[in-house]
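J.: Here it is, the structure, as structure tokens.
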Amino acid sequence: MGTPQRTLVLSAFLISVSGLAAGVAVAQPARILVSDDQPAHITQIAAATTGVIAGQVLDERGQPLDGVVVSAMGGSTSFAVSDRAGQFTLRSLSPGPYLVRAHLDGFLPARNTMVNVRPSSRTVSTFTLRRAGTIETPLVTTAGVGGATISDGSAEKARDESETGWRLRHLKRSILKQTATLAAIEEEDFFLTDSLQLLGRAVGSSARLAGALFAQTPLQGQVNLLTTGALDSSGDLLQIERTRGVAFFSLGAPVGGHGDWTVKAALNQGDLSSWILAGNYVARDPARHRYQFGMSYGVHRYEGGNAAAIVAMPEFARNVGSVYGHDEWRLSDTFSVGYGGHYAHYDYLREPAHFSPRLSVTIRPTESTRVRAIAARHVAAPGAEEFLPPSRAEVLPPQRTFAPLTRDGFAPEDMRHYELAVERVLNGATIGVRAFHQTIDDQLVTIFGGHVTDATTADLGHYVVGNGGDVDVRGVGITLTHAVSKTVRGSFDYSFADADWSNGWSIDRRRLGVLMPSALRSDTERIHDFTTSVETAFPYSATKVFFLYKMNSAYIRADGSETRPGLDGRWDVQLSQGLPFMKFTSADWEMLVAVRNVFRETFTETSVYDELLVARPPKRIVGGITVKF
-9 MGTPQRTLVL
1 SAFLISVSGL
11 AAGVAVAQPA
21 RILVSDDQPA
31 HITQIAAATT
41 GVIAGQVLDE
51 RGQPLDGVVV
61 SAMGGSTSFA
71 VSDRAGQFTL
81 RSLSPGPYLV
91 RAHLDGFLPA
101 RNTMVNVRPS
111 SRTVSTFTLR
121 RAGTIETPLV
131 TTAGVGGATI
141 SDGSAEKARD
151 ESETGWRLRH
161 LKRSILKQTA
171 TLAAIEEEDF
181 FLTDSLQLLG
191 RAVGSSARLA
201 GALFAQTPLQ
211 GQVNLLTTGA
221 LDSSGDLLQI
231 ERTRGVAFFS
241 LGAPVGGHGD
251 WTVKAALNQG
261 DLSSWILAGN
271 YVARDPARHR
281 YQFGMSYGVH
291 RYEGGNAAAI
301 VAMPEFARNV
311 GSVYGHDEWR
321 LSDTFSVGYG
331 GHYAHYDYLR
341 EPAHFSPRLS
351 VTIRPTESTR
361 VRAIAARHVA
371 APGAEEFLPP
381 SRAEVLPPQR
391 TFAPLTRDGF
401 APEDMRHYEL
411 AVERVLNGAT
421 IGVRAFHQTI
431 DDQLVTIFGG
441 HVTDATTADL
451 GHYVVGNGGD
461 VDVRGVGITL
471 THAVSKTVRG
481 SFDYSFADAD
491 WSNGWSIDRR
501 RLGVLMPSAL
511 RSDTERIHDF
521 TTSVETAFPY
531 SATKVFFLYK
541 MNSAYIRADG
551 SETRPGLDGR
561 WDVQLSQGLP
571 FMKFTSADWE
581 MLVAVRNVFR
591 ETFTETSVYD
601 ELLVARPPKR
611 IVGGITVKF
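Structural data, given as structure tokens:
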């Protein structure tokens, strides 16, 4: 769980980062529009006006001390914690004299050190701490007093004989204080020493309590302090009012040797205040039954001024709850069966409860070959993606509201999906071929922003959902996934399908014919889709890059002016940069920046038209700090 001092600094840092996360995330994208010289110039000016105090903390045997709280007080105040090598660094100090102290529970306080900080300079200061109760300073327990230090008399010769010093030496001492601490106090630093000791003791008690509580539970978690927003053009990057702060939290731990549980939560505050809470349990691989189950609950409350959103949410809030479970039963080494389902309740639908079952059969004739058959029914409510449990923190929680296209209200999409796939591993690459058939009732159509130019924040964060009709789709596809090297992994998927539309009359289709003609399809249509992704990781620089591009021949035209669909592409770019200078704790710190105009989070077992029938999706940008522990 880490030392008490690490816990102290981590808590203080998280409090400071929570107020600055929005500024960090907005500043990152803004650098795209600024010349390369400007950021470097600002950095040079900042470095030229401040100084640094660095050094090492050792014990009486010359061994480095980990977790020592080092403070500097002067023109500004700074704290640091020594690492395993005893090294510490106090940064961004304005020039001038500083009182530097080092404190660690169980060690006698070191003597004060005055350090003069100069601009653009690095000042070295080294401390040696002695353990309470060493041979040089033995500790004797006295009744009702605590620890008392037996001195050789040298300290008596140098002690302060003033009235203030006498009073300090004769203060009433409770059993919570140590005589050694008070005897070493000097008049000029009494309050500083006392506050540091109280702070260290309080943090130490909290850390010991937490350590006792979770000592037998190897917890793993993630905390994200992010900023997200929507923009219609690159010039909108500078419009800070379009961004909102969000938070994501994940905590999990193994349950013996059987499985792992995870709890996730995401929330944001803005025109749309929302939160999502999800929990799940997953059994581990060796079991014959690989089962998982979980639940989620999400709430959206709209507090903005978009008229369409207010009308669509008469009670200003939406609530969605869901439970799911799935079990894969391995009957033999070559044959397994999977079954499960998802039950969800949407309070804004006329028929709120919907169940989506799934059945799969997998055959492994050889070690490198797998044959899989899937039959599933998937009911997608309009706006359901806004309530999905957070699987990727970069895109959640949502900040979007939605309304029905017409006064008839919302109608869910009902899809039956059948698939047969064969996969084989060849020389480290996985090749898959599949055939699929989808029958979709009330295919959803999603339309953002009635006015692309001069769009307001509410327009970019609000969309309408309607139904484009019924469609029957048959197609085939091929997938190739290969690790090019230890740091680069790529995949591509190509598919083509024939679609037969049932173009019956409805109010939604009539409205779409006026608002978005390219959303209405001809009786028959052929679709070509190409999706590729590249994921790289550079361990030396702790940098990760993910890029996805989806090109299709049947997108709604971006401007909505064309009467027929056409070729278009959408993308998702994510950059994660590790922060090695934050290694004063056991947690991993990362800076995250992601930009995407892909609307759906996943394309697996969804209608082939779900992404294609999204008109004018705004670019979404996410940035901030990720802490994994």
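With the first letter of the sequence shown counted as 1, position 545 gets the number 535 in the numbering used here; the numbers rise by one all the way through. Heads up, the beta-carbon is just placed ideally off N, CA and C, and yes, glycines get one too.
#1: When the Cα of Phe520 is compared with those of Val583, Gly211, Val598, Met405, which residue comes out closest?
#2: Which residues share a DSSP beta bridge with Phe620?
#3: What residues in its chain sit with their C-beta under 7 angstroms from that of Tyr453, if we drop five residues either side in the sequence?
#4: Can you look up Ser508 in the DSSP assignment and give me helix, strand or coil?
#5: DSSP state of Phe392, grouped into three classes?
#6: How about Leu565 and Val612: do their beta carbons lie closer than 8 angstroms?
#7: Run through DSSP, which three-state label would Asp250 get?
#8: So which of Glu357, His316, His335, Ala307 has the shortest CA-CA distance to Thr324?
#9: Specify the secondary structure class of Pro342 as computed by DSSP and reduced to three states.
#10: Write down every uninterrupted run of the beta strand (DSSP E) in the stretch 277 to 341 whose length is 3 residues or greater and which is fully enclosed by it, in chain order.
#11: Would you report the Cα separation of Ile546 and Ala509, rounded to the nearest angstrom?
#12: Which residues in the same chain as Val327 place their Cβ atom closer than 6 angstroms to its Cβ, once the five residues preceding and following it in sequence are excluded?
#13: Using the three-state DSSP reduction, which class does Ile546 fall into: helix, strand or coil?
#14: So, at 7 angstroms on beta carbons, what are the nonlocal neighbours of Ala473 in its own chain, with the 5 sequence-adjacent residues on each side left out?
#15: Going by DSSP in three states, Phe55 sits in which element: helix, strand or coil?
#16: Do Thr116 and the ligand ATP come close, with the Cβ less than 7 angstroms from some heavy atom?
#17: So, Gly659 versus Arg501, is the Cβ gap smaller than 8 angstroms?
#18: Go ahead and label Gln428 buried or exposed: buried means 16 or more other beta carbons lie within 10 angstroms of its beta carbon, across all protein chains shown.
#19: Where DSSP assigns a beta bridge to Val585, which residues make up the other side?
#20: So for Val604, helix, strand or coil by DSSP?
#21: Which residues bound the beta strand (DSSP E) around Pro87?
#22: Could you please give me the residues that DSSP links to Ala80 through a beta bridge?
#23: State the Cα-Cα distance for the pair Ile538 and Arg112, rounded to the nearest angstrom.
#24: Specify whether the stretch 253 to 262 and the stretch 337 to 351 touch according to this definition: at least 3 beta carbon pairs, one from each stretch, less than 8 angstroms apart.
#25: Can you tell me whether Lys618 is buried or exposed, with buried defined as 16 or more other CB within 10 angstroms of its CB?
#26: Give the secondary structure of Arg621 by DSSP, where H, G and I count as helix, E and B as strand, and everything else as coil.
#27: Tell me whether Glu601 is buried or exposed, calling it buried when 16 or more other Cβ atoms sit within 10 Å of its Cβ.
#28: Using a Cβ-Cβ cut-off of 8 angstroms, state whether Ala374 counts as contacting chain D.
#29: Bridge partners for Val435 per DSSP, in chain order?
#30: Can you tell me whether DSSP reads Glu403 as helix, strand or coil?
#31: At the level of alpha carbons, what is the spacing between Val60 and Thr103?
#32: Measure the Cβ-Cβ separation of Pro372 and Ala302 and say whether it is below 8 angstroms.
#33: Ile43 to Gly568, Cα distance in whole Å?
#34: Which of the three DSSP states is assigned to Gly503 in this structure?
#35: Considering only DSSP beta bridges, list what Arg367 is partnered with.
#36: For the candidate residues Gly503, Glu595, Gly211, whose alpha-carbon lies nearest to that of Val463?
T.: Taking the structure as given:
#1: Val598
#2: Nothing can be reported for residue 620: it is not among the residues displayed for the chain, which extend from -9 to 619.
#3: Taken in chain order, the residues that qualify are Arg390, Phe392, Thr436, Ile437, Phe438.
#4: Helix, per DSSP.
#5: strand
#6: no
#7: strand
#8: Glu357
#9: coil
#10: Segments of the beta strand (DSSP E) lying fully in the stretch 277 to 341: 279 to 292, 307 to 320, 325 to 336.
#11: 6 angstroms
#12: Trp319, Val351
#13: coil
#14: Taken in chain order, the residues that qualify are Gly418, Arg479.
#15: Inspection of the sequence shows that residue 55 is occupied by Leu rather than by Phe. Note: Leu55 maps to coil in three-state DSSP.
#16: With respect to the ligand ATP, the structure offers nothing, as it holds no ligand at all.
#17: In the structure displayed, the chain extends from -9 to 619; residue 659 sits before or after that span and is not available.
#18: Gln428 is classed as buried because its beta carbon has at least 16 other beta carbons within 10 Å across all chains shown.
#19: Val563, Ile611.
#20: Strand at Val604.
#21: Note, Pro87: beta strand (DSSP E), 86 to 93.
#22: A quick correction: the sequence has Leu, not Ala, at residue 80. DSSP output for Leu80 lists Ile43 as bridge partner(s).
#23: Just to set this straight, residue 538 is Leu in the shown sequence, not Ile. Rounded to whole angstroms, the gap between the alpha carbons of Leu538 and Arg112 is 44 angstroms.
#24: no
#25: Taking all protein chains in view, the Cβ of Lys618 is surrounded by fewer than 16 other Cβ atoms within 10 Å, so the residue is classified as exposed.
#26: Only positions -9 to 619 of the chain appear in this structure, which leaves residue 621 out of reach.
#27: buried
#28: Absent here is chain D; the protein component of the structure consists of one chain.
#29: For Val435, the pairing in a beta bridge is given by DSSP as Gly456.
#30: It is a strand residue.
#31: 11 angstroms
#32: no
#33: 24 angstroms
#34: It is helical.
#35: Arg406
#36: Among Gly503, Glu595, Gly211, the Cα nearest to that of Val463 belongs to Glu595.
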